[in-house]
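Enquirer: Per full-length UniProt numbering, the sequence shown starts with residue 1, numbered consecutively.
Built from N, CA and C at the ideal position, the CB exists for glycine as well.
Next up is a structure, given as structure tokens.
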Amino acid sequence: MLYEVITIEIVPNSLKAHVMITEAGGCAEVVRHQDAFAIVRMPNKHEYALRKECMAVVGKLSCDDWAKKQWGSPQMHRRFGYRMASGPSIRAKQGYQGRKIRRLPPVRTFDQPTPPPLPLQKFTLTKRQLSHNYGNAAVPKLVAEFNNLTVDSAKYADALQRAIEARGDEQQQQQLLNVFIQVNTSGEPNKRGVRPDQLLPLAKHITAQCHNLSLIGLMSIGAIAQSLGGGEENADFALLRRLRDELQVQLRLPNMLELSMGMSADYHLAIKYGSTNVRRRQTLKRNERQPADCPAIMAQQSRTASLVTAIEHIHRQDGGRASAAFVRAPPNVVSQRMRVLAQVYELLVRNRRATKRDLYYEHKKLYGTQINFNRALTALCKQLSASRSELHVISCSRGFAIGNLRLFDGMDDDSVVDFRASPVAIVESLCHFSLVHSEAQFLLVVEKDAIFQRLIDEQFLHKFPRGILLTGRGYPDFCTRQFLHWLSVQLPALPMLALVDADPYGVEIFLTYKYGSSRSIVEAGAFHLPRLRWLGFLPSEAQKLPIPSNQCLQLSEKDRKRIERIAQRTNGHGEEERSLFNYELSVMLNSSQKLELEALCSISRFRGPTLRRQQ
């Protein structure tokens, strides 16, 4: 028997608060009954679980064309909030039979309680936290909520002064705000702080021009190597104490300036050097750790709340044309997009994270293939103008790294990731570490895992102890590119090199590392490496090496088309890089050959050192 499915129903394997549009205006065949649900099959062979009371028999039973005429307009059937209500059948008209349509109460779509905001605590904020997370527009809010702030330039000291003067209350305008001056005693480029030779001009500016700012001390973190050395001396702490003493004499301050030095790993030594303010790990409740970057956490919570609100607008279809464009697609595509919408909403509300593969297998029958899920997720990312990481959707990384690199959590002594002993799998959580220590002179990105393992087996890192090896094991995934981009920001002076195959795929992989993915900028984010250099294997180098002929592969027609796309992609970059790519691609096309990195391994052990001596 055929049933008219006109419903917006709760799917059994979803949350009770997630109301999804399963189907509207189509004829379905009941295939079986399961508990309180009827499993129906649509003409497109998709099956849905619907409540029995939400189905109705409609049509003109006394005529042969009863299936062509429907009781009620299609607009009413598709209108959100209507369904076929339960109850006895009524005789609406001679020759027609159906169930009475009733107006439902307003649907409570997303009724999970909003998590309470993180309680505001008093923290020492740096210039990075002040400028990058809040911006100058939020300076008055920081002044009202925090008692101690850290500045490292006259620009931000003036911004704090203007924020205090802009207060309406005269009593608040006379309030003094305690500030520390952050000094970069270690001279590391990845750390914030004023240089020691610029400390005196900044202190004079604060005391003379910023009347509502009270300079109470100096602050410095120091080098990680000094903190973890295990000795009883620290050059950075000694330098900050000496700067404090000199500044005290030059400014003739009535009160002794305080010192804030070190982190939780070296606070014992900092106290010996006279530190009166130490950044220690604090607890909120039970064993929860107080975040070191409170403004960053609050900004993330604000972004999550805005995404949740945007999802609710899309679900209620009250977002205007933008929401209408999201659901303007074939019925099966709309069903997939709305399911992704519900899955992402659940992740945001519950503050959980999941991989794309996990979300796909939750409703494998609905999505059909992983590609369909990826397309639905990409559409949602474009609709919300958010990256996958902001939607709490993560990717399984294939990348590994090894070399002169260590990551530390400044608020936890036990959180250390050491890349020196063995290869470490690259995951998104590595980008959350606050301190990076490395003496590396270069970072080498290798395309293939086989070459990566071969370099390790041949003691590459023993010959180059100040180096870092990294591989994405083929086409670079999201996590690997995100980690490389984060590492380039933390170590801005570190040279980065790439070693890829001398074929179209190798060149495309290098461009993906350097300029990001060309498939979806919104979904993957702008993770790129502008200073990444193409070390090899260059097609022009093949003519200078004694590579056996059996290692040379012929270009296929597909390879030639890929080379044309690569040439078009390099047009928007610098003249020098574009000429290099055009030359190497022309060499590859003229020779009609391509080479892989394994071809270098075919050179004998005698010929290899001889070639190196000749070069």
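Excluding the 5 residues preceding and the 5 following I101 in the sequence, name in chain order all residues of the same chain whose CB lies nearer than 6 Å to its CB.
Expert: Walking along the sequence shown from the start, residue 101 turns up at place 101. Per-residue confidence for I101 stands at a pLDDT of 41, beneath the threshold of 50, marking its modelled position as unreliable; no derived number is given.
Enquirer: What residues in its chain sit with their C-beta under 6 Å from that of W486, if we drop five residues either side in the sequence?
Expert: Taking the first residue of the sequence shown as 1, we reach residue 486 at position 486. Correct list, in chain order: C431.
Enquirer: In whole angstroms, give me the CA-to-CA distance for A208 and T304.
Expert: Here residue 208 refers to the residue found at position 208 of the sequence shown. Here residue 304 refers to the residue found at position 304 of the sequence shown. In a straight line, the C-alpha of A208 is about 42 Å away from that of T304.
Enquirer: Which runs of the beta strand (DSSP E) at least 3 residues long sit entirely within the stretch 190-271? Give them in chain order.
Expert: With a minimum length of 3 residues, the continuous beta strand (DSSP E) runs that stay inside the stretch 190-271 are 213-220 and 258-261.
Enquirer: Spatial neighbours of E541 within its chain, please: CB distance less than 6 Å, with the 5 preceding and 5 following residues excluded, ordered by chain position.
Expert: Within the sequence shown, residue 541 is the residue found at index 541, counting from 1. Same-chain partners within the cutoff: there are none.
Enquirer: Give a yes or no on contact between the stretch 195-211 and the stretch 509-519, applying the rule of three or more CB pairs nearer than 8 Å.
Expert: No, the stretch 195-211 is not in contact with the stretch 509-519.
Enquirer: Would you give the residue range spanned by the beta strand (DSSP E) that D409 belongs to?
Expert: For this step, residue 409 is matched to residue 409 along the sequence shown. Taken as a continuous stretch (DSSP letters only), the beta strand (DSSP E) holding D409 covers R406 to D409.
Enquirer: Kindly confirm or deny that the stretch 531-550 and the stretch 571-585 touch, where touching means at least three C-beta pairs closer than 8 Å.
Expert: Output reads yes: the stretch 571-585 touches the stretch 531-550.
Enquirer: Let's see if you can read the secondary structure: which residues bound the beta strand (DSSP E) around M182?
Expert: Counting from 1 along the sequence shown, the entry for residue 182 is found at position 182. Looking at the sequence provided, one finds Gln at residue 182 rather than Met. Counting along the chain, the beta strand (DSSP E) containing Q182 begins and ends at L177 to Q182.
Enquirer: Report the rounded CA-to-CA distance for A310 versus H363, giving the unit in angstroms.
Expert: Position 310 of the sequence shown, counting from 1, holds the residue named residue 310. Position 363 of the sequence shown, counting from 1, holds the residue named residue 363. Going by the C-alpha atoms only, they are around 23 Å apart.
Enquirer: Within 10 Å of its beta-carbon, does M261 have 16 or more other beta-carbons around it, so buried, or fewer, so exposed?
Expert: One-based indexing of the sequence shown puts residue 261 at position 261. Burial call: buried.
Enquirer: CB-CB under 6 Å to C396, same chain, minus the five flanking residues each way: which ones, in chain order?
Expert: To locate residue 396, count along the sequence shown from 1; it is residue 396. The answer, listed in chain order, is T355.
Enquirer: For I547, which of helix, strand or coil comes out of DSSP?
Expert: Counting from 1 along the sequence shown, the entry for residue 547 is found at position 547. Coil at I547, not helix or strand.
Enquirer: Determine the direct distance from the alpha carbon of L407 to that of R289, and round the result to whole angstroms.
Expert: The residue you call residue 289 lines up with position 289 of the sequence shown. The residue you call residue 407 lines up with position 407 of the sequence shown. Its pLDDT being 39, under 50, R289 is placed unreliably in this model, and the coordinates cannot settle the point.
Enquirer: Out of K558, R531, I164 and L341, point me to the one whose CA is closest to G574's CA.
Expert: Translated into the one-based positions of the sequence shown, residue 574 becomes position 574. When each option's Cα is compared against that of G574, the closest is R531.
Enquirer: Need the endpoints of the alpha helix (DSSP H) that R533 sits in, please.
Expert: Numbered from its first residue, the sequence shown carries residue 533 at position 533. Where R533 is concerned, there is no enclosing alpha helix (DSSP H), although the beta strand (DSSP E) it sits in stretches over L532 to G536.
Enquirer: Applying the 10 Å Cβ sphere with the 16-neighbour rule, what's the burial state of G187?
Expert: Mapped onto the sequence shown, residue 187 falls at position 187. Result: exposed.
Enquirer: Using a 10 Å radius around the Cβ and a threshold of 16 neighbouring Cβ atoms, would you call E447 buried or exposed?
Expert: Translated into positions along the sequence shown, residue 447 becomes position 447. Buried: at least 16 other Cβ atoms inside 10 Å.
Enquirer: Buried or exposed: S275, going by 16 or more other Cβ atoms within 10 Å of its Cβ?
Expert: Mapped onto the sequence shown, residue 275 falls at position 275. Looking at its Cβ environment, which holds 16 or more other Cβ atoms inside 10 Å, S275 is buried.
Enquirer: To the nearest angstrom, how far is it from the Cα of N590 to the Cα of E557?
Expert: Indexing the sequence shown from 1 puts residue 590 at position 590. Indexing the sequence shown from 1 puts residue 557 at position 557. So the alpha carbons of these two residues sit roughly 14 Å apart.
Enquirer: Once the 5 residues before and after S422 are set aside, which same chain residues still bring their CB inside 7 Å of it?
Expert: For the purposes of this step, residue 422 is taken as residue 422 along the sequence shown, with counting starting at 1. Within the same chain, S422 has close Cβ partners I402.
Enquirer: For D418, which beta-bridge partners are listed by DSSP?
Expert: Taking the first residue of the sequence shown as position 1, residue 418 is located at position 418. DSSP, once it has assigned bridges, lists R406 as partnering D418.
Enquirer: Identify whether A92 lies in helix, strand or coil by the three-state DSSP scheme.
Expert: Here the question's residue 92 lines up with position 92 in the sequence shown. For A92, the predicted model reports a pLDDT of 38, less than 50, meaning its position is unreliable; a value from the coordinates is still stated below. Reduced to three states, the DSSP call for A92 is strand.
Enquirer: Taking the alpha helix (DSSP H) that T276 belongs to, which residues open and close that run?
Expert: Your numbering for residue 276 matches position 276 in the sequence shown. T276 -> no alpha helix (DSSP H), and no H or E assigned at all.
Enquirer: Residues bridged to G506 by DSSP?
Expert: If you number the sequence shown from 1, residue 506 lands on position 506. DSSP output for G506 lists no bridge partner at all.
Enquirer: DSSP on K155, reduced to helix/strand/coil?
Expert: As a working note, residue 155 is residue 155 in the sequence shown. Residue state, collapsed to three classes: helix.
Enquirer: Contact between the stretch 451-470 and the stretch 363-375: three or more CB pairs below 8 Å?
Expert: No: fewer than three Cβ pairs fall under 8 Å.
Enquirer: Please list the terminal residues of the continuous beta strand (DSSP E) segment that includes I426.
Expert: Locating residue 426 in the sequence shown gives position 426, counting from the first residue. I426 -> no beta strand (DSSP E), and no H or E assigned at all.
Enquirer: Sort S579, L535, K594 and K561 by Cα distance to C552 and report the nearest one.
Expert: Within the sequence shown, the letter at position 552 stands for residue 552. The residue with the shortest Cα to Cα distance from C552 is K594.
Enquirer: Out of curiosity, what's the CA-to-CA distance linking V417 and N332?
Expert: Against the sequence shown, residue 417 aligns to sequence position 417. Against the sequence shown, residue 332 aligns to sequence position 332. Between V417 and N332, the C-alpha separation is close to 45 Å.
Enquirer: When DSSP labels each residue in this structure, what does L600 get in the three-state scheme?
Expert: As a first step, residue 600 must be located in the sequence shown, where it is residue number 600. The answer is helix: DSSP assigns L600 an H, G or I state.
Enquirer: Just to confirm the assignment, what range does the alpha helix (DSSP H) spanning V445 have?
Expert: The residue you call residue 445 lines up with position 445 of the sequence shown. Element bounds for V445: not the alpha helix (DSSP H) but the beta strand (DSSP E), F442 to V446.
Enquirer: Once you ignore the five residues that flank F452 on each side, which residues in its own chain have a CB closer than 6 Å to its CB?
Expert: Sequence index remark: in the sequence shown, residue 452 carries index 452 (1-based). Cβ neighbours of F452 beyond the five flanking positions: V446 and T471.
Enquirer: Going by DSSP in three states, Q459 sits in which element: helix, strand or coil?
Expert: The sequence position of residue 459 within the sequence shown is 459, counting from 1. DSSP places Q459 in coil when its eight states are reduced to three.
Enquirer: Does the distance from the C-beta atom of A386 to that of L307 stay below 8 Å?
Expert: Here residue 386 corresponds to residue number 386 of the sequence shown, with the count starting at 1. Here residue 307 corresponds to residue number 307 of the sequence shown, with the count starting at 1. Cβ atoms of A386 and L307: closer than 8 Å.
Enquirer: Kindly give me the distance between the Cβ atoms of L247 and L199, rounded to whole angstroms, as I take these residues to be in contact under 8 Å.
Expert: Numbered from 1 along the sequence shown, position 247 holds the residue referred to as residue 247. Numbered from 1 along the sequence shown, position 199 holds the residue referred to as residue 199. With 8 Å as the limit, L247 and L199 qualify as a contact, their Cβ atoms being about 7 Å apart.
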